[in-house]
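Residue numbers for the sequence shown follow my numbering, so the first one is 1175 and each next one is one higher.
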Amino acid sequence: MNWPNTFFLTFALLSCLFVMVRIERRWWFMGALFYVLPVLLLMALWAGITASWPEVGLAAIFAAVLGGLWWLVWGRYVKPADSSGIRVWGQDAVPKPKAALQAEIERLKEEKARLEEELRKLRSGKSE
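Listed below in structure tokens is the structure:
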């Protein structure tokens, strides 16, 4: 029995548990497919090649006990993961500057009135 291997395998299994607890509920299959499944497959491959099944079994027992203790003490109180609070720079809706737009509208109204007055003078000057 190789104890460093057993501790490493226990750590790997506990990391799988922590990832699955902290992943957002609607994306659990992504964590299972891209993290947990590869860890388990590599663990089974390693155990099959090196005939280290007792270490894997003991690591699974240790991980179950430690994971269960962690869940009883602290894990039940962990809030489910939620990505709704994530803010990405550059993707936020920019608030419209209302004061600047109102000032521009007023300036354009004044310019329109001035141009209409000038047009009226030109038309009255041609008709005389």
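Ideal Cβ placement from N, Cα and C applies to all residues, glycine included. In this text, all values refer to a predicted model and were calculated from it rather than measured experimentally.
Item to check | 8 angstroms contact criterion, which VAL1213 and ALA1233 should meet: CB distance rounded | outcome: Within the sequence shown, numbered from 1, the residue matching residue 1213 stands at position 39. Within the sequence shown, numbered from 1, the residue matching residue 1233 stands at position 59. Going by Cβ atoms, the distance from VAL1213 to ALA1233 rounds to 11 angstroms, so no, they are not a contact pair.
Item to check | Coarse secondary structure for ARG1288, derived from DSSP in three states | outcome: As a working note, residue 1288 is residue 114 in the sequence shown. Residue state, collapsed to three classes: helix.
Checklist entry - What three-state label does DSSP hand LYS1253 in the structure shown? => result For the purposes of this step, residue 1253 is identified with residue 79 of the sequence shown, where counting begins at 1. Note: LYS1253 maps to coil in three-state DSSP.
Checklist entry - If you draw a straight line from the alpha carbon of PRO1254 to that of VAL1247, how long is it in whole angstroms? => result Stepping through the sequence shown from its first residue, residue 1254 is reached at position 80. Stepping through the sequence shown from its first residue, residue 1247 is reached at position 73. Distance between the alpha carbons of PRO1254 and VAL1247: 16 angstroms.
Item to check | Residues near PHE1230 by beta carbon distance below 7 angstroms, same chain, minus five either side | outcome: On the sequence shown, residue 1230 is found 56 positions in, with the first residue counted as 1. Note that residue 1230 is Val in the sequence shown, not Phe. Contacts found: LEU1183, MET1217, ALA1221.
Next on the checklist: Helix, strand or coil for VAL1262? Go by DSSP, reduced to three states.
Outcome noted: On the sequence shown, residue 1262 is found 88 positions in, with the first residue counted as 1. DSSP places VAL1262 in coil when its eight states are reduced to three.
Next on the checklist: Tell me the DSSP secondary structure of ALA1186 in three-state form.
Outcome noted: In the sequence shown, the residue the question calls residue 1186 occupies position 12. Looking at ALA1186 - three-state DSSP - the assignment turns out to be helix.
Next on the checklist: Give me, in chain order, the residues of the same chain whose beta-carbon lies closer than 6 angstroms to that of ALA1237; leave out the 5 immediate sequence neighbours on both sides.
Outcome noted: The residue labelled residue 1237 in the question sits at position 63 within the sequence shown. Only THR1184, LEU1187, LEU1188 meet the Cβ criterion.
Checklist entry - For PRO1271, does the three-state DSSP call read helix, strand or coil? => result For this step, residue 1271 is matched to residue 97 along the sequence shown. Here PRO1271 sits in coil by DSSP.
Item to check | Contacting residues, own chain, Cβ-Cβ under 8 angstroms from ASP1256 (five flanking each side not counted) | outcome: Residue numbering aside, residue 1256 sits at position 82 when the sequence shown is read from its first letter. GLU1198, listed in sequence order.
Checklist entry - Skipping 5 residues on each side, what residues in its chain have a beta carbon closer than 6 angstroms to that of LEU1275? => result On the sequence shown, position 101 is the one that residue 1275 refers to. Excluding residues within five positions, none has a Cβ falling inside 6 angstroms.
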